[in-house]
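Read through the structure below, which is laid out as structure tokens, and then see the notes.
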Amino acid sequence: MEDDNIIECLKEVKNDTKVIRNDNRVYREMVTELREITQSLQQQNKVIMEENTNIQKEMSLLKKRLDNIEGKLDEHDKKQNKVKNVDDKENCEESKHGKVGEVSASVETSIEKPRKTRQKKKIR
Numbered sequence: 001m002e003d004d005n006i007i008e009c010l011k012e013v014k015n016d017t018k019v020i021r022n023d024n025r026v027y028r029e030m031v032t033e034l035r036e037i038t039q040s041l042q043q044q045n046k047v048i049m050e051e052n053t054n055i056q057k058e059m060s061l062l063k064k065r066l067d068n069i070e071g072k073l074d075e076h077d078k079k080q081n082k083v084k085n086v087d088d089k090e091n092c093e094e095s096k097h098g099k100v101g102e103v104s105a106s107v108e109t110s111i112e113k114p115r116k117t118r119q120k121k122k123i124r
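The sequence shown lines up with residues 1 to 124 when you count with full-length UniProt numbering.
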């Protein structure tokens with residue numbers, strides 16, 4: 001009887017050992033897959049970081065170009081303002097003295113046409 005118990009226990013241990021070995025094999029395969037996935041992700045991360053660096057360099061160059069264009073626009077605006085100021089001064093001087101043969105706008109507006117007065121109708 002005791003021998004039968006021992007044999008039964010040994011069979012259970014043998015079966016448990018098979019299950020554990022199978023589980024270990026599955027776990028090793030999973031670990032291998034996870035390592036491959038990790039390596040792939042690390043490679044993808046490296047590529048993304050390089051692309052990010054390139055994009056930042058390109059953004060820096062574009063920002064420099066934009067600053068350069070804005071500077072040129074500012075210079076152009078300053079030149080335009082100078083030209084406008086000169087034109088305004090000339091116009092101002094002309095308006096102070098007036099051109100020959102011109103009537104100033106203020107004089108024109110002060111001359112109004114006489115109003116027509118309504119006459120009351122006589123009741124018959």
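Even glycine gets a Cβ: it sits at the ideal position worked out from N, Cα and C.
Keep in mind the model is a prediction, meaning the values are calculated, not measured.
Taking the Cα positions, residue 73 is about 10 Å away from residue 67. C-alpha of residue 39 to C-alpha of residue 32: approximately 11 Å in a straight line. Residue state for residue 1 is assigned as coil, using DSSP reduced to three classes.
If you draw a straight line from the Cα of residue 7 to the Cα of residue 1, it comes to about 10 Å.
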